[in-house]
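> I have a structure here, written as structure tokens, and I will follow up with some questions on it.
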Ligand SMILES: [Zn+2]
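In my numbering, the protein residues as written are 1058 to 1216.
This is the structure:
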């Protein structure tokens, strides 16, 4: 296992941390504060929002420039029959949603998950802020899962 393996952010679903068995109420509180702290970091907020919007912006740009539904276009509403329009719509919307979902998962994983992990560490659950691996009460010098060096002073603090 390489100690410098880059953290993977792509996946079909986000992975914030290892299962902790938190109650629904605790999960809500943790995500509330993770959101709050991220809101205060405009750079992460703007970067992740812009990144997550790439597929939708690309789709909007494509529809705006190609105008497939315009009069005389390939999918002219007036001359194209309903089932073709429906099929074309599905063929456009489904891949766009799939790509949009992947970009959203990446953005959450890359920019939001660290806030969730930081909040859990703050509440006394030692874990790697980079990959969400659960750590023993006295953390080792490096994460056993992803190999990132761990700061010894980043132990649980009150608040
Ligand atoms: Zn780790």
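Glycine is no exception: its CB is placed at the ideal position from the N, C-alpha and C atoms.
Remember, predicted model here, so these are calculated numbers, not experimental data.
#1: Reducing DSSP to helix, strand and coil, say where residue 1152 ends up.
#2: Buried or exposed for residue 1114, please, with buried defined as at least 16 other CB atoms from any protein chain shown within 10 angstroms of its CB.
#3: Please classify residue 1040: is it buried, with 16 or more other beta-carbons within 10 angstroms of its beta-carbon, or exposed?
#4: Using three-state DSSP, classify residue 1135 as helix, strand or coil.
#5: Could you have a look at residue 1196 and say whether DSSP puts it in helix, strand or coil?
#6: Any residues whose CB sits closer than 6 Å to a heavy atom of ligand 1? List them in chain order?
#7: According to DSSP, is residue 1095 part of a helix, a strand, or is it coil?
#8: Mind reading off the beta-carbon distance from residue 1105 to residue 1153? Whole number of angstroms is fine, and I expect it under 8 Å.
#9: Using 9 Å as the threshold, is the C-beta distance between residue 1217 and residue 1193 below it?
#10: When DSSP builds the beta bridges, which residues end up paired with residue 1184?
In short:
#1: helix
#2: If you draw a 10 Å sphere on the C-beta of residue 1114, you find fewer than 16 other C-beta atoms in it, and that means exposed.
#3: A question about residue 1040 goes unanswered here, because the residues of the chain that appear run from 1058 up to 1216.
#4: coil
#5: coil
#6: Around ligand 1, the residues selected by a Cβ distance under 6 Å to any of its heavy atoms are 1185, 1187, 1188, 1190, 1200, 1202, 1203, 1205, following chain order.
#7: helix
#8: The Cβ separation is near 19 Å, so there is no contact.
#9: Outside the shown range of the chain, which is 1058 to 1216, sits residue 1217, and nothing can be said about it.
#10: Answer is 1191.
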